[in-house]
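With our numbering applied, the sequence shown has no gaps in its numbers, which climb one by one up to 1371 at the end. Worksheet: the structure to be examined is printed underneath.
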Amino acid sequence: MHGYEIMEEIFERTKGLWRPGPSAVYPTLTWLEEKGYIEEAEGQVKGEKARRPYQITEKGREALRDYEKFKSEWLENISALREVWW
């Protein structure tokens, strides 16, 4: 998936509530690549504009798993607090 596809995917997944621009997406992709979370993928289609497709790395998958665990624990803690306060 290349940067423009990512922008469109975010727009669709947020049901049109957010359309990130290139100034948000491309620096983030650069940062993710520098950290080793994504890498350039093979597969530019002939005749297509020069676009860099990206794919997630194993390090990126591990970071996502860690984030999902953190998010799950955080939501459990918030639920416990709600039971106490409400």
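Think of the CB as a built atom: it goes at the ideal place given N, C-alpha and C, for glycine as much as any other residue.
Residue i burial status per 10 Å Cβ neighbour count (16 or more: buried)
i: tyrosine 1322; result: buried
i: tyrosine 1339; result: buried
DSSP state of residue i mapped onto helix, strand, coil
i: tyrosine 1311; result: helix
i: glutamate 1325; result: strand
CB contact flag (residue i, residue j, <8 Å)
i: glycine 1288; j: proline 1312; result: no
i: methionine 1286; j: arginine 1304; result: no
i: threonine 1299; j: glutamate 1324; result: no
Of the listed residues the options, nearest to residue i (C-alpha basis)
i: glutamate 1327; options: Glu1318, Arg1337 and Glu1319; result: Arg1337
Residues near residue i in its chain [Cβ-Cβ closer than 7 Å; skip 5 each side]
i: valine 1310; result: Gly1288, Ile1291 and Met1292
Sequence-distant residues of its chain with Cβ nearer than 6 Å to residue i (five each side left out)
i: leucine 1317; result: Ile1323
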